[in-house]
Amino acid sequence: MINIVLFGKPGAGKGTQAEFLKGKYNLTHLSTGDIFRFNIKNDTELGQLAKTFMDKGDLVPDEVTIQMLQSEVDKNPHSAGFLFDGFPRTIAQAEALDKFLESKEQNITATVALEADDEILVQRLLERGKTSGRPDDQDEEKIRNRYQEYNEKTAPLMQYYNAQGKFYAVNGIGSIEEVTERLSKVIDNL
Ligand code: B4P
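Numbering-wise, the UniProt record's numbering puts 100 at position 100 of the sequence shown, and it's gapless, one number per residue.
In structure tokens form, the structure reads like this:
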């Protein structure tokens, strides 16, 4: 069983690459961003709460996100492994994930980061914003806030997983196929 964390700045291509990797490695894909957006679309209580944070480009509070992720994992008891996309995004989330997996006698196999320069990613998100309808992609100030959140709260996770000998990074710039190839090389060698 392998459990992979797909890591990277907003717009690095986590969601894009997860679409390919989940099939290739038979993993259950859990994207916290997608789950929040599903709840927003269906106007659930969780969606209404998440929307107030996401629309500004802020992270959704840990308690809510952790609980939601755990219940999604529990919905897939026969999974051959998970691809965590956009989770964890804080040290508290990473610690909670380690503890939760340990309680199931599992662990994170590897965290693989997609690396890219902020300015290229801002352009990608503004481009996506023209068609995605996502409020957090349409305003450069909100996009910049997402990078600030990343730098303050998410970037320390590189050290967290590095200390466990589980951190790998690949270049996220290039064609989608080239990036999939780079990620596959890392996963195949785990
Ligand atoms: P997410 O939904 O996780 O997404 P993301 O950061 O926008 O980007 P991703 O890296 O998946 O980019 P994508 O493949 O789509 O987060 C959104 C928000 O949800 C967060 O800001 C936060 O508020 C909340 N949230 C989610 N998880 C949370 C958590 N754990 N805790 C708290 N809050 C949480 O790619 C982006 C664009 O680039 C696309 O248009 C794509 O087509 C393009 N692209 C991808 N790869 C490319 C390539 N190789 N070349 C050119 N373009 C490429």
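Note that the Cβ used here is the ideal one computed from N, Cα and C, for glycine as well.
Taking the DSSP output, what are the residues bridged to His-29?
The residue labelled residue 29 in the question sits at position 29 within the sequence shown. For His-29, which the question treats as bridged, DSSP gives the partners Leu-83.
With a threshold of 8 Å, establish whether the CB of Val-60 neighbours any heavy atom of the ligand B4P.
Working through the sequence shown from its first residue, we reach residue 60 at position 60. Result yes, Cβ under 8 Å from the ligand B4P.
C-beta atoms of Leu-114 and Gly-23 nearer than 9 Å:
The count along the sequence shown starts at 1 and reaches residue 114 at position 114. The count along the sequence shown starts at 1 and reaches residue 23 at position 23. For Leu-114 and Gly-23, no; Cβs fall outside 9 Å.
Sorry if obvious, but does the Cβ on Leu-69 come closer than 8 Å to a heavy atom of the ligand B4P?
As a first step, residue 69 is located in the sequence shown; it is residue number 69 there, counting from the start. Yes, the beta carbon of Leu-69 sits closer than 8 Å to at least one heavy atom of the ligand B4P.
Simplified DSSP state of Leu-59, which is helix, strand or coil
For the purposes of this step, residue 59 is identified with residue 59 of the sequence shown, where counting begins at 1. Leu-59: coil per DSSP, three-state reduction.
For Ala-116, name the three-state secondary structure that DSSP assigns.
Looking up residue 116 in the sequence shown gives position 116. The answer is coil: DSSP assigns Ala-116 none of H, G, I, E or B.
When you measure from the CB of Met-1 to every non-hydrogen atom of the ligand B4P, does any distance come out below 8 Å?
As a working mapping, residue 1 is identified with position 1 in the sequence shown. Because no heavy atom of the ligand B4P lies under 8 Å away, the Cβ of Met-1 does not count as near it: no.
Taking DSSP's pairing of strands, which residues face Asn-171 in a bridge?
The residue given as residue 171 occupies position 171 in the sequence shown. Asn-171 pairs with Glu-115.
In terms of alpha-carbon separation, which member of Ser-31, Ile-40, Phe-7 and Thr-16 lies closest to Arg-133?
What you label residue 133 is simply residue 133 of the sequence shown in a count that begins at 1. Contrary to the premise, residue 133 reads as Gly rather than Arg in this sequence. Answer by Cα proximity: Ile-40.
For Ile-176, report the span of its alpha helix (DSSP H) as first-last.
Stepping through the sequence shown from its first residue, residue 176 is reached at position 176. Boundaries of the alpha helix (DSSP H) around Ile-176: 176-188.
Please find out if some non-hydrogen atom of the ligand B4P comes closer than 8 Å to the beta-carbon of Gln-148.
What you label residue 148 is simply residue 148 of the sequence shown in a count that begins at 1. No, the beta carbon of Gln-148 sits no closer than 8 Å to any heavy atom of the ligand B4P.
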